[in-house]
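What follows is a short report on a single structure.
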Amino acid sequence: MTDAPTEPGDAALTQAVKTKEADTGDWKYTEGADYRRMTTAQGTSSPPDKIEVAEVFWYGCGHCYNFDPMIAKWNTTKPDNVAFVRIPVIWNPTNQAHARLMYTAEALGVLDKLHGEVFKAIHEGGKTLTSEADMIELFAKAGVDKAAFLEAFNSFGVTSAVKRAENLTRRYGIKSVPVIVVNGKYATDAPNIKTFDDILAVTNELVAREEKELGTPSP
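First residue of the sequence shown? That's 1007 in my numbering, and the numbers climb one at a time after it.
Given below as structure tokens:
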């Protein structure tokens, strides 16, 4: 896995990106330097009237752990015409186990309760959370018993979701995390992205670009 963006705090790097002149129109950020355009736009799982902002992440990634509070705060202030989703990256069996954990929590309606707890268990509790036993213990904290967990964990729906995440990891060309993918068209893994603040600033502009292109400004 290549290095993900660093934590915010490098003011010089952040300012360098924020003061970068656009080569066209009023846009501040440029393709190839501040964001990457997909060779072919990919379909999204969000309603057609929504601009999808997808966070591609891994629970075991320290950068993702540190970014989580920032993207969670951003999610509370996003425009009404934006749909936020999480896509777990899948490069290897550990990623796959964590992806299945996330989709199991989503299927059982406890993802909001457990999302932060998964990060804490790994980065503060020293757990790997790759075994069913450890996952069952974690889900018990959210009131999910073993039988319900196993049924969802091994369900067709969860298995399909994991396969989709694996396909998107490949189709999006994800080489590092965290990465934001906007409407299946743009990704924030570009050379000028140095901080989490950069990721969010570029994301906001890409959303604005999509609003202008689609003619669907936020209320």
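The beta carbon of each residue, even a glycine, is placed where N, CA and C say it ideally should be.
Since the structure is predicted, the reported quantities are computational estimates derived from the model, not experimental observations.
Report task. Could you tell me which of E1219, N1198, V1187 and T1036 sits nearest to A1171, measuring between CA atoms? Result -> V1187
Requested in this report: Could you tell me which of E1217, W1080, D1055 and L1156 sits nearest to T1110, measuring between CA atoms?
Outcome: L1156
Query raised in the report: When DSSP labels each residue in this structure, what does T1201 get in the three-state scheme?
Result: strand
Query raised in the report: So what's V1183 in DSSP terms, helix, strand or just coil?
Result: coil
**Report entry** Classification of N1189 by the beta-carbon crowding that lies within 10 angstroms, buried from 16 upward
**Finding:** buried
Query - C-beta contact flag for V1183 and V1095 at 7 angstroms - result: yes
Query raised in the report: So does the region 1137-1147 actually touch the region 1113-1128, counting three or more Cβ pairs closer than 8 angstroms?
Result: yes
Query raised in the report: Could you give the uninterrupted runs of the alpha helix (DSSP H) lying entirely in the region 1131-1193, keeping only those of 4 residues or more?
Result: 1138-1146, 1152-1159 and 1162-1177
Query raised in the report: Excluding sequence positions up to five away, which residues of its chain have a Cβ less than 6 angstroms from the Cβ of L1107?
Result: M1141
**Report entry** Sequence-distant residues of the same chain with beta carbon closer than 6 angstroms to R1177, five excluded per side
**Finding:** Q1048
**Report entry** A1041 (DSSP reduced to helix, strand or coil)
**Finding:** Note on identity: in this sequence residue 1041 is Tyr, with Ala being the wrong assignment. Three-state DSSP puts Y1041 in a strand.
Report task. Could you pull out every residue in the same chain whose Cβ sits closer than 7 angstroms to the Cβ of T1136, ignoring the five residues on either side in sequence? Result -> T1100 and A1103
**Report entry** Through-space distance from V1091 to F1253, alpha-carbon basis
**Finding:** Only positions 1007 to 1225 of the chain appear in this structure, which leaves residue 1253 out of reach.
Query raised in the report: On the three-state DSSP scale, how would you describe V1095?
Result: coil
Query - Nearest-angstrom Cα separation, counted from D1195 out to F1202 - result: 11 angstroms
**Report entry** Cα-Cα separation, F1125 to G1066
**Finding:** 7 angstroms
Query raised in the report: How close, in whole Å, do the beta carbons of P1053 and A1089 come, if the pair is a contact with beta carbons under 8 angstroms?
Result: 7 angstroms
Query raised in the report: Is the beta carbon of L1206 less than 7 angstroms from the beta carbon of W1080?
Result: yes
Requested in this report: Taking only the alpha-carbon atoms, compute the straight-line gap between E1061 and I1128 and give it to the nearest angstrom.
Outcome: 19 angstroms
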